[in-house]
Amino acid sequence: MAMRRMLPTAAATRALGAALGRSAVPGDVLWLHGELGAGKTEMTKGIAAGLACREAVSSPSFALIHEYRTCRLPLYHADLYRLEDRGALDLGLEDYLEGMGVTVVEWGERLPADFFPDGVDAALAFADDGDARRITLTPRGPAGARWLARLEEYDG
370 MAMRRMLPTA AATRALGAAL GRSAVPGDVL WLHGELGAGK TEMTKGIAAG
420 LACREAVSSP SFALIHEYRT CRLPLYHADL YRLEDRGALD LGLEDYLEGM
470 GVTVVEWGER LPADFFPDGV DAALAFADDG DARRITLTPR GPAGARWLAR
520 LEEYDG
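Residues 370 to 525 (this note's numbering) make up the sequence shown, in order.
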């Protein structure tokens, strides 16, 4: 079942991300969707905080994938904005998705529709109210459903 929230500020986006990070287990995958500036990287910064990462998170638009290993669990942050077709598959994205860390993928819609493994889809959208955003978190299989259930316990 989908979970919907209003995020009135960037701080609220990071706070929800931190709750996701605290509730994450090895192998969790978050697929972030939304327009440029919708808050995908802010969400990832929050996840890093929830994973107690000691490194600063930045958008990997030019590097494509950043690895953060100074966390409770490794964090793999992919940004597929600049990729075309099946380019992420050539990068070995599957290796990250099957790893012992948490993987966050921005612009996952650039992948083929049949690619997406289990995880949570997070759709961020601008709200009508200034800086506010809306987010819809939807499980994509049993692992995604378990992550959202843990999130409710941590964030409840």
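Glycine included, every Cβ here is placed at the ideal spot set by N, Cα and C.
None of these values were measured; they are calculated from a predicted model.
Query	Result
Environment of L405 [buried if 16+ CB atoms lie within 10 Å]	exposed
Uninterrupted beta strand (DSSP E) stretches inside the segment 399-440 (no shorter than 3 residues)	434-437
Three-state secondary structure assigned by DSSP to P395	coil
Which of helix, strand or coil DSSP assigns to T472	strand
Beta-carbon separation (whole angstroms), V398 vs T472, contact threshold 8 Å	5 Å
Span of the beta strand (DSSP E), counted from its first residue to its last, around R374	M372 to L376
Residue of A407, E436, A417 and R509 minimising C-alpha distance to S392	A417
G386 to R479 span [Cα, whole Å]	22 Å
Proximity winner among D497, D448 and L493, relative to W476 (alpha-carbon distances)	D448
Bounding residues of the beta strand (DSSP E) (the contiguous stretch that carries L444)	L444 to D448
Beta carbon proximity, P377 to chain B, threshold 8 Å	As a matter of chain content, chain B is missing from the structure shown, which is built from one protein chain.
For R441 and C422, the rounded distance between their alpha carbons	7 Å
Euclidean distance between Cα positions of G510 and D487	5 Å
Bridge partner(s) assigned by DSSP for T507	D490
L517 and L506 closer than 8 Å at C-beta	yes
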